[in-house]
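**Student:** Under my numbering, the residue at position 157 of the sequence shown is numbered 514, and the numbers go up by one with no gaps.
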Amino acid sequence: MPTNDGEISSFMSLAQCDKRTAEKYLRRNRWSMNYALNDYYDTVIGSYVGGPLNVRDPIDYPEELCKLYENYAAQDGGIIDSEGLVRLIEDLQYSLDDLVTLCLAKLLNCKNLADGISKESFLLGFYNHGCSTLEQIRHTLEDLDTKLETNIDYFTEIYRYTFDLVVDPDKRHLDLDTAVEYWNIFCQPKYPLHIEKRLLELWVKFLKDENKSVISKDSWQMVIVFFKKFPTIDAIKSTYNEADAWPYIIDEFYEYLLDNNAL
358 MPTNDGEISS FMSLAQCDKR TAEKYLRRNR WSMNYALNDY YDTVIGSYVG GPLNVRDPID
418 YPEELCKLYE NYAAQDGGII DSEGLVRLIE DLQYSLDDLV TLCLAKLLNC KNLADGISKE
478 SFLLGFYNHG CSTLEQIRHT LEDLDTKLET NIDYFTEIYR YTFDLVVDPD KRHLDLDTAV
538 EYWNIFCQPK YPLHIEKRLL ELWVKFLKDE NKSVISKDSW QMVIVFFKKF PTIDAIKSTY
598 NEADAWPYII DEFYEYLLDN NAL
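1. Answer with buried or exposed for A602, where buried requires no fewer than 16 other C-beta atoms within 10 angstroms of its C-beta.
2. Measure from the alpha carbon of D417 to the alpha carbon of each residue in A600, I606, I581, Y484, then state which is nearest.
3. Between the C-alpha atoms of E567 and Y516, what's the straight-line distance to the nearest angstrom?
4. Out of curiosity, what's the CA-to-CA distance linking I436 and L533?
5. Using only the alpha-carbon positions, how far apart do E499 and L456 sit?
6. Is the distance from the Cβ of I581 to the Cβ of F587 below 9 Å?
7. Using a Cβ-Cβ cutoff of less than 7 Å, which residues in the same chain neighbour D502 once the five nearest sequence positions on both sides are dropped?
8. For S489, collect the residues of the same chain with a Cβ closer than 6 Å to its Cβ; drop the 5 residues on either side in sequence, then sort them by chain order.
9. Return the residue from the list E506, E492, N386, Y518 that minimises the CA-CA distance to K547.
10. In the DSSP assignment, what are the bridge partners of I474?
11. Hey, quick one: how far does the alpha helix (DSSP H) through D525 stretch, first residue to last?
12. Enumerate, from N- to C-terminal direction, the unbroken beta strand (DSSP E) stretches of 3 or more residues contained entirely within the segment 570-617.
13. With distances taken between CB atoms, is the gap from L550 to F610 smaller than 9 Å?
14. Report the rounded CA-to-CA distance for S595 versus F584, giving the unit in angstroms.
15. With DSSP as the reference, label D454 as helix, strand or coil.
16. Determine the direct distance from the alpha carbon of Y518 to that of N508, and round the result to whole angstroms.
17. Where G441 and E492 are concerned, what is the direct C-alpha to C-alpha distance, given to the nearest angstrom?
18. Leaving out the 5 sequence neighbours to the left and right, which residues in its chain are closer than 6 Å to V524 when beta-carbon positions are compared?
19. Is D510 helix, strand or coil by DSSP?
20. Do you know how far the Cα of E477 is from the Cα of I446?
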């Protein structure tokens with residue numbers, strides 16, 4: 358039976374174990390979550406009491422990986438802060454403008470860039486992907502970049518993840534300049550969200566003309582839904598229905614296009 362990534366992730370979350378352990382117990386219990394959890398807890402602590410516990414098979418992380426963490430960690434060793442993360446990205450021969458760096462942050466379970474990367478997240482994230490050297494990490498990122506270019510579901514997952522990752526932790530909205538910067542990156546031709554260039558330009562112009570200085574999370578999430586359905590100006594002109602349940606900012610954009618004879 359092929360590996361089910363969703364079940365593995367669920368098992369890891371419930372049992373608080375690493376990927377290899379999750380797959381081992383799921384495989385030997387024919388991918389039955391309940392049987393696998395019972396087996397895991399019977400083996401590890403003697404019994405399964407019906408809920409997730411903070412237990413984990415001890416992991417012997419490769420020495421190379423531990424040294425790699427130390428190389429990028431802040432002086433106090435507590436986390437890899439933004440400076441260390443930038444150095445890691447540069448050593449991997451990428452830049453912050455490369456979309457795959459967001460995949461790297463997600464791989465390392467980074468919730469917000471201001472929080473940095475914890476030692477456990479760094480070690481476990483790369484260990485689960487079989488990485489202990491920069492070369493191995495680079496190969497993993499190459500695979501993820503290919504996935505970004507070919508898998509619209511994964512692309513959308515990374516897009517949705519981005520808002521919480523880059524938003525100022527003290528704010529609930531993304532400033533417009535940051536949002537526009539990321540829209541331009543996500544809408545590069547090599548990625549599967551193929552938006553007409555003129556449409557994206559009009560969207561940005563509308564936001565600036567209407568003095569929209571911030572973007573809410575709901576608006577950020579719905580923009581990709583809107584552009585998937587209406588990737589061109591002609592598509593909006595021919596099929597947009599004002600009665601559909603779009604956020605107010607989308608309805609405003611449609612009216613803006615009408616008022617400016619863009620449709």
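Idealized CB from N, CA, C, for every residue including glycine.
Quantities reported herein were computed from a predicted structural model and do not represent experimental measurements.
**Tutor:** The answer reads as follows:
1. exposed
2. The candidate whose alpha carbon is nearest that of D417 is Y484.
3. C-alpha separation (whole angstroms): 24 Å.
4. 29 Å
5. Answer to the nearest angstrom: the Cα atoms are 11 Å apart.
6. no
7. Within the same chain, D502 has close Cβ partners V457.
8. P419, E421, L422
9. E506
10. I437
11. Here D525 belongs to no alpha helix (DSSP H), and DSSP marks it neither H nor E.
12. 571-573
13. The beta carbons of L550 and F610 sit no closer together than 9 Å.
14. Distance between the alpha carbons of S595 and F584: 14 Å.
15. coil
16. 16 Å
17. Their backbone Cα atoms lie some 18 Å apart in a straight line.
18. L531
19. helix
20. 19 Å
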